[in-house]
RNA sequence: CGGAGUAUAGCGCAGCCUGGUAGCGCACCUGCUUCGGGAGCAGGGGGUCGAGUGUUCGAAUCACUCUACUCCGACCA
């Protein structure tokens, strides 16, 4: 699937990231079919291309963002103790017959046959397959707890795909699955994921609120959705204002320790989606000035579902007393291909996207205002080399185009900082830095530009919140 | 799955009502001049008008069928 190429391999300074040699098909006109801001901007910024209803190609700029989003997810999953693997997209129908979901799942599941007319399906989720892997190898209580995850393409044949990659039929999902000896232990696993999710969204600059949720077809009795507030959100949500801006569990949080106080702290405030909300409870438990009624985008969903799959699929381990124990499971999903538009919904203005540094396709764009001019080219080439050497992720706009076009492109694709070199400033030995988010501009000696940019960018990478 | 709509160059659109040599803007190519907020001038290339059938001397245009896509509602990372 090509998603496992490391981020580093896509960033080879000085070769591919000259815009004149890059592949960035920005659109001037707004495609008429795109209704919401993130979809419009993803098309205009040349991030994705629709191939059919609910199916998208990720073009270089979009793919680069997607990779950064995935990297953050992986880091936080790993930190919490989850272990990454990779399962196939195509699954055998027999597995799903074991759990009883082959018939239950309905038309959303894409069913296919191979040349021998054996039944297969394009996986919409992986509970069955991971349970099969688990039961094949794990036999002892000593091997628990265990949490396995992967990031893989899923396919759900949605009745009505819409909003670009926000709700596509094929989508990437990080799905983690926990295995524990008891409900109490499983709830601890649930709490670990809960905290990992809080950190994951925060690192992307998002405020995501965990809300009690319906367990739906996956089944079970404990479930939270993580919701980013946005006017274009698909569901109405109701929560306590005090959840907004709540401090995120820090990097040194001990995932082997007791996370229940954090969980209790976050879940003690009322928060529910429209499916689950009880208005009288909402009004009773939240004072009027703290009531938030808004719309939100679901960017994650976690479930504890006990033995729903382990029971029919016979996923058991031997306990200390020699007796068989049916394991308790949970599953935990985040959609990277949905997070990208969700981030754009949260961060854009009239001119385009305004990426948070941590997920920006490039951290800064070096704009050569007069490509072809010896002085400008020389200064920019040197600066570009220095910026790369400083470890910054830089796009170099060396195109032979007018200044306006370059500014417009830089604003549209939302690079956090623009470092501008033109003949005018060059005579004075000066560069200009524009902050995309605020519009603020600062002029400084060229020699100080690298250090200044580094100083601006590094604290915002949020690698260590 | 119910309701509504759209389909003409890469993108955005006009032309259709009232049938008669397929157009505009942007993008693209060539040349010159430009170069601090999507540059100007000149020249040029690109279309079986979503598909099929029918009516007609003649169909982008009229009729019928199909397909794809979008939007609104019920379901989902």
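Numbering (our numbering), first residue to last: -16 to 448.
Positions of the beta carbon are idealized from the N, C-alpha and C atoms, including for glycine.
Approximately 5 Å separates the beta-carbon atoms of residue 59 and residue 182; this is inside 8 Å, confirming the contact. Rounded to whole angstroms, the Cβ separation of residue 222 and residue 178 is 19 Å, and the two are not in contact under 8 Å. With a 10 Å radius around the Cβ and a threshold of 16 neighbouring Cβ atoms, residue 117 comes out buried.
Scanning the region 22 to 105 for uninterrupted alpha helix (DSSP H) segments of 4 residues or longer gives 43 to 63, 76 to 82, 84 to 87, listed from N- to C-terminal end.
The C-alpha of residue 324 lies about 33 Å from the C-alpha of residue 363.
In this model, residue 206 and residue 250 are separated by some 12 Å (Cα to Cα). Taking a contact as a CB-CB distance under 8 Å, the pair residue 78 and residue 93 does not count as one, their CB atoms being some 15 Å apart.
Apart from sequence neighbours up to five positions away, the residues of its chain that approach residue 439 with a beta-carbon distance below 7 Å are 400, ordered along the chain.
The three-state secondary structure of residue 338, taken from DSSP, is coil. Under the DSSP assignment, residue 277 falls in the beta strand (DSSP E) whose first and last residues are 274 to 289.
Nearest to residue 135 by C-alpha distance, out of 25, 155, 52, 87, is 155.
Per DSSP, residue 324 lies in no beta strand (DSSP E) segment; the continuous alpha helix (DSSP H) that holds it begins and ends at 319 to 329.
In the structure shown, residue 209 adopts extended strand secondary structure according to DSSP, grouped into three states. The beta carbon of residue 268 sits closer than 7 Å to the beta carbons of 253 from its chain, once the five residues preceding and following it are set aside; these are given in chain order.
Here DSSP, grouped into helix, strand and coil, assigns residue 244 to helix. Counting of Cβ neighbours within 10 angstroms places residue 319 among the buried residues, the total reaching 16 or more. Its chain contains 141, 144 as the residues whose beta carbon lies nearer than 7 Å to that of residue 150, once the 5 sequence neighbours on both sides are disregarded; these appear in chain order. DSSP, reduced to helix, strand and coil, places residue 232 outside both helices and strands of the structure shown, so it counts as coil. With contact defined as three or more Cβ pairs closer than 8 Å, the region 415 to 426 and the region 50 to 57 are not in contact. Bounds of the alpha helix (DSSP H) holding residue 262 are 262 to 268. Restricting attention to alpha helix (DSSP H) runs no shorter than 4 residues, the region 154 to 198 encloses them at 166 to 186, ordered along the chain.
In this structure the region 403 to 420 does not touch the region 294 to 310; the number of beta carbon pairs closer than 8 Å is below three. From the listed residues 119, 123, 45, 90, the smallest Cα separation to residue 107 is found for 90. Ranked by how close their Cα comes to the Cα of residue 360, the residues 372, 100, 208, 382 have 382 in first place.
Bounds of the beta strand (DSSP E) holding residue 137 are 129 to 138. Judged by DSSP secondary structure, residue 297 falls outside any beta strand (DSSP E); it is assigned neither H nor E.
Setting aside the 5 residues that flank it on each side, residue 124 is surrounded in the same chain by 164, 300, 301, 302, 303, 308, each with a C-beta closer than 7 Å to its C-beta; the list follows chain order.
Residue 130 places its beta carbon less than 8 Å from that of residue 172. In the displayed model, residue 8 falls within coil according to three-state DSSP, outside both helix and strand.
With fewer than 16 neighbouring CB atoms inside 10 Å of its own CB, residue 99 falls in the exposed class.
As a beta-bridge residue in DSSP terms, residue 418 pairs with 400. Annotated three-state conformation of residue 309 is strand, per DSSP.
In this structure, residue 0 keeps its C-beta atom at 8 Å or more from the C-beta atom of residue 114. Remark: C-beta atoms of residue 397 and residue 336 approach each other more closely than 8 Å.
If you check the CB distance, residue 376 and residue 348 do not come in under 8 Å.
Annotated as proximal: residue 341 and residue 445, with beta-carbon spacing under 8 Å.
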